[in-house]
Amino acid sequence: MIPGGGQPNMQQLLQQAQKMQQDLARAQEELAQTEVEGQAGGGLVKATVNGSGELRGLVISPEAVDPEDTETLADLVVAAVQAANENAQQLQQDKLGPLAQGLGGMPGLPF
């Protein structure tokens with residue numbers, strides 16, 4: 008509510024929006040550089056993704072490799088990547104959640 012029923016200061020609103028946009032861009036850059044890990048099979052397969060969910064590394068323990076059972080290995084890889092992506096999503100929520108809430112308070116923005 009604007010005191011006295013006046014119009015909001017558009018310059019001030021634009022400055023706030025610009026600052027929030029800069030904060031969001033900075034947080035997204037930090038996410039792209041932060042790596043998180045997920046694992047499966049008690050650590051037999053480990054996947055590393057960045058905070059944006061991009062697969063950056065995959066480590067498969069020799070004990071996980073059975074030429075007679077590649078299906079289980081594939082399942083472990085999928086599970087490790089999914090676990091890493093869940094960790095990346097939590098990191099995104101932790102980093103971007105407060106910024107998105109701040110943007111939601113801006114009049115005229117569809118958040």
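Under our numbering, the first residue of the sequence shown is numbered 8, with each subsequent residue one higher.
The beta carbon of each residue, even a glycine, is placed where N, CA and C say it ideally should be.
Bear in mind the structure is a predicted one, so any value in this text is a computation, not a measurement.
So the beta strand (DSSP E) residue i belongs to, where does it begin and stop?
i: Glu44; result: 42 to 47
i: Leu123; result: Any answer about residue 123 is impossible in this case: the structure gives the chain only from 8 up to 118.
i: Ala54; result: 52 to 57
Exposed or buried, residue i, counting other C-beta atoms within 10 Å across all chains shown (16 or more means buried)?
i: Lys26; result: exposed
i: Ala90; result: buried
i: Gly45; result: buried
i: Leu1; result: Nothing in the structure corresponds to residue 1, since the chain is present only between 8 and 118.
i: Gly115; result: Interpretation of Gly115 is limited by its pLDDT of 49, a score under 50 that renders its predicted location unreliable; the figure taken from the coordinates is listed afterwards. The residue is exposed, with fewer than 16 neighbouring Cβ atoms inside 10 Å.
i: Ala81; result: exposed
Please report the distance separating the alpha-carbon of residue i from that of residue j.
i: Ala32; j: Asp73; result: 44 Å
i: Leu65; j: Leu20; result: 45 Å
i: Leu98; j: Asp30; result: 16 Å
i: Thr41; j: Asp76; result: 34 Å
i: Ala86; j: Glu70; result: 17 Å
i: Glu36; j: Thr79; result: 36 Å
i: Val88; j: Met17; result: 45 Å
i: Ala24; j: Leu51; result: 46 Å
i: Gln28; j: Gln22; result: 10 Å
i: Gly104; j: Arg63; result: 24 Å
- Message: Using 8 Å as the cut-off, can you tell me whether the stretch 88 to 98 makes contact with the stretch 50 to 68, which would need three or more C-beta pairs spanning the two stretches below that distance?
- Response: yes
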